[in-house]
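Working notes, structure below.
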Ligand code: ADP
Ligand code: TRP
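In my numbering, the protein residues as written are 145 to 466.
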């Protein structure tokens, strides 16, 4: 099976992104042929500064490498290194009814908030369809919020196949929605999210991680009071990091009383820092060697190109462009 997913270079990854998405994406490289890309064409709808765009793209690329994406197992590339994407997006655009795009939430939200939307935001789902169809992807791992875009991808593919059939031009991809993953709480107890400003970034400095963990909101139960481990953000986060035995011990001390939030915060901060020690060191190595990053990027682009060329040729032939 061929797996494909894209990640927008829109800023530093947080712990919610890691446990909710990235960790699972990377694990898929072991069993499948995987393609992952940094979706910089998509990010143009929000990032409007060349230097920021380049930096974010580089950062997202090395973040994935540092977190275990192995270029020997998976193809990691930057979307704009394969400009064929944009040609395919145009071919698809010509068979996509306006109505399908008008009902898309990302576009509707912006319009409802009274913010003027660019055509790029409107056409975004067609570009996403091109991203996916260009690689004959079978399975696309994404968060729940992308379900609608995946449906449009399938609809557009079927439409193109029907219009230009009988030979099948595009393979219909299936979404792989990670909807049974726990929601990781942020510093204020709400879902950890960039838009709430309540995040702990994976590659924050250890000192910053300690400072942020101290800010996590708890009730004011004293050390000796029994506490419900299922009603505490510190515990919800700690479960992501602790070993089974340690967790049993801490949960017992919660229920019996005898563990305070101060101690829990120290434990949690230490656990987060220790968990990402390896990736942090790896990341520093990649950052110190931009030539090596550039080489991985060029190799990824070449492999992605090889896959994309075949599919684009099929599409061009089907509609008489070649
Ligand atoms: P943000 O809310 O910070 O903007 P995104 O929407 O860019 O995050 O999320 C990227 C991916 O990370 C999504 O597929 C989503 O499933 C996952 N994710 C984000 N925040 C969390 C969280 N708090 N808990 C679990 N998964 C999350
Ligand atoms: N739209 C996705 C997001 O915002 C990113 C993305 C772009 C993507 N193209 C893709 C994901 C293709 C999967 C497949 O998270």
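All C-beta atoms, glycine included, are put in the ideal place defined by N, C-alpha and C.
Just so we're clear, the structure is a prediction, and the values are computed from it rather than from any experiment.
What do you get for residue i, buried or exposed, if any count of 16 or more other CB atoms within 10 angstroms of its CB means buried?
i: residue 409; result: buried
i: residue 431; result: exposed
i: residue 340; result: exposed
i: residue 189; result: buried
i: residue 257; result: exposed
i: residue 186; result: buried
i: residue 343; result: buried
i: residue 164; result: buried
i: residue 293; result: buried
i: residue 448; result: buried
i: residue 219; result: buried
i: residue 200; result: buried
Residue i: beta carbon under 8 Å from a heavy atom of the ligand TRP?
i: residue 197; result: no
i: residue 272; result: yes
i: residue 152; result: yes
i: residue 287; result: yes
i: residue 149; result: yes
i: residue 293; result: yes
i: residue 276; result: yes
i: residue 257; result: no
i: residue 210; result: no
With a CB to CB cut of under 8 Å and the five nearest residues on each side skipped, what residues in its chain are close to residue i?
i: residue 174; result: 217
i: residue 162; result: 211 and 346
i: residue 176; result: 145, 146, 147 and 283
So is the beta-carbon of residue i under 8 Å away from any non-hydrogen atom of the ligand ADP?
i: residue 173; result: no
i: residue 343; result: yes
i: residue 336; result: yes
i: residue 263; result: no
i: residue 166; result: yes
i: residue 206; result: no
i: residue 163; result: yes
i: residue 339; result: yes
i: residue 186; result: no
i: residue 330; result: yes
i: residue 365; result: no
i: residue 235; result: no
Between the Cα of residue i and those of the options, spot the shortest distance and give me the residue it belongs to.
i: residue 308; options: 436, 149 and 463; result: 463
i: residue 457; options: 228, 206 and 192; result: 228
i: residue 380; options: 401, 364 and 357; result: 357
i: residue 350; options: 399, 425, 168 and 394; result: 425
i: residue 204; options: 183, 195 and 224; result: 183
i: residue 334; options: 369, 200 and 376; result: 376
i: residue 354; options: 371, 417, 150 and 436; result: 417
i: residue 247; options: 391, 266, 434 and 428; result: 266
i: residue 249; options: 225, 302 and 289; result: 289
i: residue 327; options: 224, 452, 383 and 437; result: 383
i: residue 244; options: 287, 295 and 264; result: 295
i: residue 433; options: 254, 159, 253 and 209; result: 209
i: residue 360; options: 387, 336, 373 and 331; result: 331
Between which residues of its own chain and residue i is the CB-CB distance below 7 Å, once the five residues before and five after are set aside?
i: residue 304; result: 236, 239, 313 and 314
i: residue 148; result: 179, 276, 279, 281 and 284
i: residue 170; result: 211, 212 and 213
i: residue 413; result: 353, 354 and 357
i: residue 255; result: 261
i: residue 378; result: 360, 362, 405, 408, 409 and 412
i: residue 459; result: 232, 235 and 313
Whole-angstrom Cβ separation of residue i and residue j, contact assumed at under 8 Å?
i: residue 291; j: residue 321; result: 6 Å
i: residue 221; j: residue 445; result: 5 Å
i: residue 274; j: residue 233; result: 4 Å
i: residue 370; j: residue 389; result: Incorrect: roughly 21 Å between the Cβ atoms, too far for contact.
For residue i, collect the residues of the same chain with a Cβ closer than 6 Å to its Cβ; drop the 5 residues on either side in sequence, then sort them by chain order.
i: residue 157; result: 207 and 346
i: residue 362; result: 405
i: residue 367; result: 404
Could you check whether the Cβ of residue i sits closer than 9 Å to any Cβ belonging to chain C?
i: residue 392; result: This model lacks chain C altogether, as it is built from one protein chain only.
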